[in-house]
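So the sequence lines, in the order shown, correspond to chains A and B.
For the first sequence, counting from 1, position 78 maps to 77 in numbering that gives the first Met the number 0; every step adds exactly one.
For the second sequence, counting from 1, position 180 maps to 179 in numbering that gives the first Met the number 0; every step adds exactly one.
Think of the CB as a built atom: it goes at the ideal place given N, C-alpha and C, for glycine as much as any other residue.
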Amino acid sequence: MTNPASKIMDQDIVRRALMRIAHEILENGSGIEELCLIGIRTRGAVLAERLKGCILQIEKKTVPVGILDITLYRDDLSTISTKPILHETLIDFDITGKDIVLVDDVLYTGRTIRSALDALVDFGRPSKIQLAVLIDRGHRELPIRADYVGKNIPTSVHQNVQVRLKETDGVDDEVVIEDRAGPS
Amino acid sequence: MNWTKHDLIDLQSLSKEEIELILETAKSLREVSTRDIKKVPALRGKTVAMLFFEPSTRTRTSFELAAKRLSADTLNISPGGSSFSKGESILDTAKNIQAMNVDMIVVRHSSAGTPKILADALEPAIINAGDGCREHPTQALLDMFTIKEKLGKIEGMKVGIVGDILHSRVARSNIWGLTKLGARVTLCGPSTLMPMDIKKTGVQITYDVEDVVRDSDVIMLLRLQNERMTEKFLPSVREFAKKFGINKDRLKRAKKDVIIMHPGPTNRGVEISGDVADGEQSVILEQVTNGIAIRMAVLYLLLGAKDRERKPTTKQKGTKHVLTT
C-alpha cells in the first residue's frame with residue numbers, strides 16, 4: 000500500500016449508516032416494545048446510544064440501552080500476561096424475553112461477540128439476539144455473522160481498522176485503515 | 000496502568016496507582032454479585048487454596064466466595080484438620096500444596112512475615128489475609144473502597160482510628176493505604192496500645208476520643224485483641240469502653256454525615272455500642288459486601304500471571320523451617 004492510512008468513512012457516512020441500520024432493525028424486528036440495545040465497551044456502547052437516538056427520531060420511542068464489558072468472558076484471559084483493565088457492565092433491565100441487538104464497532108475474528116453472547120446468557124434468556132456492527136472486516140475465526148452492517152470492508156490481516164468517534168476519541172467520526180507497523 | 004506484582008503481601012509496598020487500580024477493578028466486579036447468576040468465567044480452571052492458621056469467618060468466606068464467583072476452585076486447609084498437628088512446618092505444607100498445582104494461596108498466620116516467606120519460596124501467587132500484627136491488606140482495601148463510595152473520595156478525608164492500634168494489622172494496612180491516597184489519619188487509643196514509632200508514618204495521635212469524634216469524616220473502631228495481649232495493657236475493659244467506646248451520646252458531637260466503620264468482629268458494648276453498630280451511620284455490613292468485590296479484584300489481577308519475572312527458582316538456602324503452629 001502506498002498510502003499508509005486511508006479514510007473509508009467520515010462523519011456523514013457513519014451517521015447515514017447508523018440511520019439505515021436503525022431502519023433495518025425496526026423493519027426486521029417483531030416490535031419496538033421488546034427491543035433493547037446492548038453496546039459492547041467502549042465504542043459499541045457509544046454506537047448503541049446513537050442508534051437509540053436514531054430510533055427515537057424514527058419512531059418517537061425510546062428503547063433501553065445497556066453497556067457490556069466482555070473482559071471477564073475473554074477466551075485468552077489465562078494466557079495473556081497482563082490482565083486487561085476491567086470496566087463496569089451496566090444493564091439495569093431484565094433481558095429475559097427481549098429482542099436484543101448487540102452493537103459493536105468492528106466485527107473481525109468474532110471472538111468478542113462469542114464472549115458477549117456468553118455474558119448475555121448469564122443475565123437472562125433473551126428471546127432473540129442479533130448483531131449490529133459499523134464495520135465488518137472479515138477474517139472470522141468463529142461461525143458468527145452480523146445481522147446489520149454499516150460497511151463491509153475487505154482487509155488484510157496486516158491492517159488495522161481504526162474507528163474513531165467523537166465521544167470516545169475527541170475527534171470527528173472517522174474509520175481509517177492503517178498498515179500495521181513493523182515487519183509483516 | 001498495568002498490574003505487575005505477583006503477590007499481595009502488604010500495602011506498604013504498593014504504590015498509590017496500584018491501590019487505585021485494585022479499587023477501580025473492584026468497582027467493575029461488584030456488579031457480578033448483584034446478578035441472578037453470580038458467576039463469571041474469568042478464573043475458570045484455577046485453584047485457590049485457603050491456608051488459615053488463625054480463626055476467621057469474614058475473610059475466609061469472603062475470599063472463598065470471591066474465588067467461586069470468578070469460577071475458580073477453592074480448598075480450605077486449617078490447622079485442626081491438617082498435618083500441622085503432626086508437626087509439619089508451614090513451608091512444607093505449602094510446598095505440598097504447590098506440588099498439587101494450586102495457582103494461589105491465601106494465607107493467614109499469627110507470625111508477621113509468613114506470607115513473605117511463602118512468596119519467596121513458592122511459585123503460586125500469595126495473598127496475605129493477615130499476618131500477626133503486621134498487615135491485612137484486603138481489609139484496608141475494602142475499607143478504602145467503602146470510604147470512596149460513601150464520601151466520594153479519599154484525598155483530604157479525616158479518618159480516625161480508635162482502639163487497640165498496637166495489635167491491629169487492620170490499622171497498619173489502613174495507615175499505609177490511606178496516607179498514600181491522601182487521607183489524614185488520626186490514631187486514638189490507650190497509650191499502652193499505641194505503637195511507639197507509628198508517628199513516622201505521617202499520622203496524628205490523640206489520647207482523647209472526643210477529638211476524633213469531633214473532627215473525623217470516618218471513624219474506624221477496633222476491638223481489643225485479647226488473644227495477642229501477653230501482658231496487662233489495661234486496668235479494665237470497662238474503663239476502655241468508657242474512655243474510648245463510641246456510643247450514641249458521644250456520636251452526637253460528631254459531624255452529621257460521619258460514617259462508622261469496623262473490620263469485625265465487633266465487641267458490642269466495648270469499642271462500639273449496639274445502637275451505633277446498627278445505626279444509620281454504620282457501614283459495617285457494606286464493608287462486608289464490598290469485601291467480596293475487593294477480593295475478586297485481587298484474585299483477578301494476581302491469578303494467571305505466571306510468566307512474570309520474579310521468584311528465585313533456586314532453593315532458598317537460608318530459609319529456616321521454624322514456622323510451625
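- Under the DSSP assignment, B:Gln97 falls outside any beta strand (DSSP E), being part of the alpha helix (DSSP H) whose first and last residues are Ile89 to Ala98.
- Taken in chain order, the complete beta strand (DSSP E) segments of 3 residues or longer contained in the stretch 112-139 of chain B are 124-130.
- Within chain B, no C-beta atom comes less than 9 Å from the C-beta of A:Lys97; the nearest is roughly 15 Å away.
- One alpha carbon belongs to B:Pro40, the other to B:Thr58, and they sit about 22 Å apart.
- Linking A:Phe122 to A:Pro63 through their CA atoms gives a straight-line distance of about 15 Å.
- Along the stretch 119-131 of chain A, going in chain order, the ones with a CB nearer than 7 Å to a CB of chain B are Asp121 and Phe122.
- Interface criterion not met: the Cβ of A:Asp146 is under 9 Å from no Cβ in chain B.
- Taken residue by residue, none of the stretch 0-33 of chain A has a beta-carbon sitting less than 8 Å from a beta-carbon on chain B.
- For the stretch 82-97 of chain A, the beta-carbon criterion of a distance under 7 Å to any beta-carbon of chain B is satisfied by Lys82, Leu85, His86, Glu87 and Thr88.
- By the rule that beta-carbons nearer than 9 Å mark a contact, A:Asp172 does not touch chain B.
- Listed in chain order, the non-local C-beta contacts of B:Ala118 below 7 Å within the same chain comprise Asp6, Ile8 and Ile125, local neighbours out to five positions each way being set aside.
- Here the stretch 215-222 of chain B lies against the stretch 254-269 of chain B, with 3 or more beta-carbon pairs under 8 Å apart.
- Taking 9 Å as the CB threshold, A:Leu71 lines the interface with chain B.
- Using a 10 angstroms sphere on the CB of B:Ser172, the tally of other CB atoms reaches 16 or more, which defines it as buried.
- Taking a cut-off of 8 Å on C-beta distances, the stretch 14-25 of chain A touches the stretch 46-53 of chain A, as three or more cross pairs fall below it.
- Taking 4 residues as the shortest admissible run, the stretch 228-301 of chain B contains the following complete alpha helix (DSSP H) segments, listed from N- to C-terminal end: 236-243, 247-250, 273-276 and 283-301.
- Here B:Val158 has Leu177, Ala182, Val184 and Val217 as same chain residues with Cβ atoms under 6 Å from its own Cβ, once five neighbours each way along the sequence are excluded.
- Non-local C-beta neighbours of B:Lys247 in its own chain, meaning closer than 8 Å and more than five positions away in sequence, comprise Ser272, Asp274, Val275 and Gly278, ordered along the chain.
- Against chain B, a Cβ distance below 7 Å from A:Asp68 picks out Ser27.
- Interface criterion not met: the Cβ of A:Leu116 is under 9 Å from no Cβ in chain B.
- For A:Leu133, not one C-beta of chain B is nearer than 9 Å to its own C-beta.
- Secondary structure at A:Ile84: coil, using DSSP grouped into helix, strand and coil.
- Using a CB distance cut-off of 9 Å, A:Leu141 does not count as an interface residue toward chain B.
- Against chain B, a Cβ distance below 8 Å from A:Leu46 picks out nothing, because the smallest value is about 21 Å.
- Counting C-beta atoms within 10 angstroms of its own C-beta, B:Asn127 has 16 or more neighbours from the protein chains shown and is therefore classed as buried.
- In the structure shown, B:Ala182 adopts coil according to DSSP, grouped into three states.
- Between A:Val105 and A:Ile37, the CB-CB gap reaches or exceeds 9 Å.
- Assignment of B:Leu28 by DSSP, reduced to helix, strand and coil, places it in the helix class.
- For the stretch 15-41 of chain A, the full-length beta strand (DSSP E) segments reaching 3 residues or more read 34-39 along the chain.
- Taking one beta carbon from each stretch, the stretch 127-140 of chain B and the stretch 98-118 of chain B have 3 or more pairs nearer than 8 Å; the two touch.
- For B:Arg43, a Cβ of chain A is located within less than 9 Å of the residue's own Cβ.
- Relative to A:Ala115, the option among A:His138, A:Ser5 and A:Arg40 whose CA is nearest is A:Arg40.
- In this structure B:Leu20 is buried. Its beta-carbon is surrounded by 16 or more other beta-carbon atoms within 10 angstroms.
- Collapsing the DSSP output to three states places B:Thr33 in a helix.
- Burial is judged here by how many other beta carbons sit within 10 angstroms of a residue's own beta carbon; B:Arg252 has fewer than 16 and is exposed.
- By the neighbour-count criterion, in which a residue is buried when 16 or more other Cβ atoms sit within 10 angstroms of its Cβ, B:Lys179 is buried.
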